[in-house]
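Read the structure below first, then the notes.
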Amino acid sequence: MSTVLEQIEQQIAKLSHKAVKKNTGVIRTVADGVAKIDGLSDVMYNEMVQFPGGAIGIALNLEEDEVGCVVLGDVSQLKEGDEVSTTGKLLSVPVGEALLGRAVDALGRPVDGKGPIEAKETYPVEKIAPGIIVRKSVTQPLFTGIMAIDSMIPIGRGQRELIIGDRGTGKTTIAIDTIINQAKINKVGLASQDPKFRPVYSIYVAIGQKNSNIVRTMSALEAAGALEFTVIVAAAAADNPANQYLAPYSGAAMGEWFMENGKDALIVYDDLSKHAVAYRQISLILKRPSGREAYPGDVFYLHSRLLERSARLDGKGSLTALPIIETLAGDVSAYIPTNVISITDGQIFLETDLFNQGIRPAVSVGLSVSRVGSSAQIKATKQVGGKLKGELAQFRELAAFAQFGSDLDAKTKAQLDRGSRIVELFKQPAFNPVPIEQQVATLWALQKGYYDSLEIRHVTPAAVSLREFFATRKDSLLTKIRTKAALDAEIEGELKTAADEWKATFKA
Amino acid sequence: MASAAKESQELARLLFKASFDHGALTSDRVSGVLEYVEKHHPNRATAVLKAYARLVAAEEARGHAIVEHAGEMPANALQSLADTLGRRYGRKVSATARPNPDLIAGVRVRIGDDIFESSVAAQLADLAASV
Numbered sequence: 375m376s377t378v379l380e381q382i383e384q385q386i387a388k389l390s391h392k393a394v395k396k397n398t399g400v401i402r403t404v405a406d407g408v409a410k411i412d413g414l415s416d417v418m419y420n421e422m423v424q425f426p427g428g429a430i431g432i433a434l435n436l437e438e439d440e441v442g443c444v445v446l447g448d449v450s451q452l453k454e455g456d457e458v459s460t461t462g463k464l465l466s467v468p469v470g471e472a473l474l475g476r477a478v479d480a481l482g483r484p485v486d487g488k489g490p491i492e493a494k495e496t497y498p499v500e501k502i503a504p505g506i507i508v509r510k511s512v513t514q515p516l517f518t519g520i521m522a523i524d525s526m527i528p529i530g531r532g533q534r535e536l537i538i539g540d541r542g543t544g545k546t547t548i549a550i551d552t553i554i555n556q557a558k559i560n561k562v563g564l565a566s567q568d569p570k571f572r573p574v575y576s577i578y579v580a581i582g583q584k585n586s587n588i589v590r591t592m593s594a595l596e597a598a599g600a601l602e603f604t605v606i607v608a609a610a611a612a613d614n615p616a617n618q619y620l621a622p623y624s625g626a627a628m629g630e631w632f633m634e635n636g637k638d639a640l641i642v643y644d645d646l647s648k649h650a651v652a653y654r655q656i657s658l659i660l661k662r663p664s665g666r667e668a669y670p671g672d673v674f675y676l677h678s679r680l681l682e683r684s685a686r687l688d689g690k691g692s693l694t695a696l697p698i699i700e701t702l703a704g705d706v707s708a709y710i711p712t713n714v715i716s717i718t719d720g721q722i723f724l725e726t727d728l729f730n731q732g733i734r735p736a737v738s739v740g741l742s743v744s745r746v747g748s749s750a751q752i753k754a755t756k757q758v759g760g761k762l763k764g765e766l767a768q769f770r771e772l773a774a775f776a777q778f779g780s781d782l783d784a785k786t787k788a789q790l791d792r793g794s795r796i797v798e799l800f801k802q803p804a805f806n807p808v809p810i811e812q813q814v815a816t817l818w819a820l821q822k823g824y825y826d827s828l829e830i831r832h833v834t835p836a837a838v839s840l841r842e843f844f845a846t847r848k849d850s851l852l853t854k855i856r857t858k859a860a861l862d863a864e865i866e867g868e869l870k871t872a873a874d875e876w877k878a879t880f881k882a
Numbered sequence: 020m021a022s023a024a025k026e027s028q029e030l031a032r033l034l035f036k037a038s039f040d041h042g043a044l045t046s047d048r049v050s051g052v053l054e055y056v057e058k059h060h061p062n063r064a065t066a067v068l069k070a071y072a073r074l075v076a077a078e079e080a081r082g083h084a085i086v087e088h089a090g091e092m093p094a095n096a097l098q099s100l101a102d103t104l105g106r107r108y109g110r111k112v113s114a115t116a117r118p119n120p121d122l123i124a125g126v127r128v129r130i131g132d133d134i135f136e137s138s139v140a141a142q143l144a145d146l147a148a149s150v
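From first to last, the protein sequence lines are chains P and G. The numbers in our numbering rise by one with no breaks, and the one at position 127 of the first sequence is 501. The numbers in our numbering rise by one with no breaks, and the one at position 108 of the second sequence is 127.
Below, the structure is given as structure tokens:
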């Protein structure tokens, strides 16, 4: 009891006896989650304002005689004439490791029913992106666990790689696979107690998604043991547009904490098309001038200032961003897709046709690119997969011509055959990322022609069997590939012996 | 529709500017403005007058402090408070005392959009929110 009294006394002592100044205003109108307020003459742009009943808002439109605020919370209790006061604080969210394994809303409040979050720090939701001096170029890899991506469109820590495609083409799956792979790598790395190992923490921001989808994602992460390294920021479709607009910035603030504290983090924005739509809704209600497709004039800045916050900092950590954009009928030249394509350091384009043909992940090799990731790719992957992208692109071109029939020369036939095998090899089930050392072994076997004698339909099972064989019987060799990150004569010799051994036992 | 509202606002602002004499709002000037509106009857006169009234009320509030207090409020303390506020805002400020026992102890001063809170009730509310 005495400790409780002491706590209260300490709290009382903390209270200042000085007069507290508050700036106030009066609600003039409330409509569609936006309140127009008379007064608030001292309010700052993006400042949190306090509404009666506990709801808070953000001052977004500072006009000569009124202030436009988006209300984050229940607007049904607000009425004309209610008093609103400034808080003197810019919108901030809790940050830190206490958030790992938790699902929070756009304001960082827990929504998973696991009790309060004991975060020691808060970061402002809006922050200017790191400048030129403090940045460092991207040189460290971030493995997605997806062979087609790690070998052909590699991603580095601090990079912004867009995942773009129509609905139902596996965009979220790629992001979830990447998060799961980080968790797997973290577990192995932390168990090895290697002082140089840098774990990657993940933040998944769900914007405007169905609650059922968010639950499914959480369950997938939990089942894969990845939730403990992940923070989920949820602004579901049922949330008001202000929360959907803020969620990515809140997620970025949480990611920045890891980056600023010398850790590496990965953030997935799923998806920025819905984010732009939420922002358009707010802007129209705030009566801001609209432009193309009724988006406001600053819709480019909306995404550029968000994605610029992902960086690799000199002497600190990194924040890698995987924004997702949903296209309509594969139209990458629409307004929001072109904006985000131009901001990011590359894109992974997913095609509906490929997806329907059973080629999953449905990565379009021709349209996908990684502008900075190649310098982050490990030497071993470069050694075994350096030419794959070109070969696959050539295959797609030739395959289109080959459809017209007629006789094909031996060289073309060989190219088509090899292309088909690469396509089969890159097929991968969802939520099943492949560790980089196993990817190297699989691609090495392709390079050395171990799948050439097989029928094309047997290539995928053969690759799975090869990986199982290596994982169960050649673990030391895999560890060697992982730690050396390059193939030398000794490793290649061991790979050959192991692959011959596997080939002798494998039956299609 | 939006531009009409904007025009009314603009006109109200012009009338408001015309209501000042040597930097102070005067009742003569306000009467003059009202006479002008009555005579010329501009478009959306009601909207213009409403916007004008809001601007005048806000200006009035900036020069007048309402001091809510629990317990005694001597006249010299009220005057001293008005002088302090006058110095702070750089203008003449008058003050009116208004007893409010809900404050428990202390004062709450409201001037324009600003509120200076120094009451026990507010401190208890802060304490309740932080525990």
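The C-beta atom is built at its ideal place from N, Cα and C for all residues, glycine as well.
From the DSSP secondary-structure annotation, give me the bridge partner or partners of residue i.
i, result
"F723/P", "I538/P"
"E457/P", "V400/P"
"L687/P", "R509/P"
"P498/P", "S466/P"
"P118/G", "H88/G"
"F135/G", "K395/P, V128/G"
"D40/G", "A43/G"
"P670/P", "S664/P"
"S113/G", "H83/G"
"V478/P", "P484/P, V607/P"
"V651/P", "Paired residues: none, contrary to the question."
Can you pull the chain P residues whose beta carbon is under 8 angstroms from the beta carbon of residue i, in chain order?
i, result
"R73/G", "D412, D439"
I want to verify the contact list: residues of chain P whose CB lies under 7 angstroms from the CB of residue i, in sequence order.
i, result
"I130/G", "In chain order: nothing, as chain P lies at least about 10 angstroms away."
So, under 8 angstroms CB-CB, residue i and residue j are touching, yes? Tell me the CB distance rounded to an integer number of Å.
i, j, result
"D551/P", "F805/P", "6 angstroms"
"T496/P", "V469/P", "6 angstroms"
"A84/G", "V126/G", "At roughly 10 angstroms, the Cβ-Cβ gap does not stay under 8 angstroms, so A84/G and V126/G are not in contact."
"D644/P", "Y575/P", "Incorrect: roughly 17 angstroms between the Cβ atoms, too far for contact."
"G747/P", "L766/P", "With a Cβ gap of about 17 angstroms, G747/P and L766/P do not count as contacting."
"G442/P", "L660/P", "5 angstroms"
"N397/P", "L414/P", "6 angstroms"
"L696/P", "A549/P", "5 angstroms"
"T816/P", "R841/P", "6 angstroms"
"E535/P", "I810/P", "E535/P to I810/P, Cβ: 17 angstroms. No contact."
"V884/P", "V417/P", "Nothing about residue 884/P can be reported from this structure: the residues present for chain P run from 375 to 882 only."
"D719/P", "Q451/P", "45 angstroms between Cβ atoms; not a contact."
"V49/G", "V75/G", "7 angstroms"
"I733/P", "K785/P", "The pair is not a contact, with the Cβ atoms about 24 angstroms apart (cut-off 8 angstroms)."
"K558/P", "M633/P", "The Cβ separation is near 22 angstroms, so there is no contact."
"F603/P", "L474/P", "6 angstroms"
"R686/P", "S692/P", "4 angstroms"
Taking Cβ-Cβ distances shorter than 9 angstroms, what residues in chain P pair up with residue i?
i, result
"D102/G", "Those within 9 angstroms of D102/G in chain P number zero; the least Cβ separation is about 16 angstroms."
"S137/G", "H391, K392, A393, V394"
"Q28/G", "E438, D439"
Quick one: which chain G residues come within Cβ less than 7 angstroms of residue i?
i, result
"T398/P", "D132, I134"
Can you pull the chain G neighbours of residue i, defined as C-beta to C-beta under 9 angstroms?
i, result
"V416/P", "According to the sequence displayed, residue 416/P carries Asp and not Val. The contacting residues are D132, D133."
Any C-beta of chain B sitting closer than 8 angstroms to the C-beta of residue i?
i, result
"Q384/P", "In the structure shown, chain B does not exist; the protein chains are P and G."
Where are the alpha helix (DSSP H) runs, 4 residues long or more, that stay fully inside the segment 567–646 of chain P, in chain order? DSSP runs (the alpha helix (DSSP H)) wholly in the segment 567–646 of chain P: 585–597, 615–634.
In chain order, each beta strand (DSSP E) run of at least 3 residues that lies wholly inside the segment 692–764 of chain P: Qualifying beta strand (DSSP E) stretches, in chain order: 692–700, 720–724.
Length at least 3, wholly inside the segment 410–448 of chain P: the beta strand (DSSP E) runs in chain order: For the segment 410–448 of chain P, whole beta strand (DSSP E) runs of length 3 or above, ordered along the chain, are 421–424, 430–436, 441–446.
Uninterrupted alpha helix (DSSP H) stretches inside the segment 55–106 of chain G (no shorter than 4 residues): Listed in chain order, the complete alpha helix (DSSP H) runs (minimum 4 residues) inside the segment 55–106 of chain G are 64–81.
Going along the chain, which unbroken runs of the alpha helix (DSSP H) with 4 or more residues stay wholly within the segment 787–836 of chain P? With a minimum length of 4 residues, the continuous alpha helix (DSSP H) runs that stay inside the segment 787–836 of chain P are 810–821.
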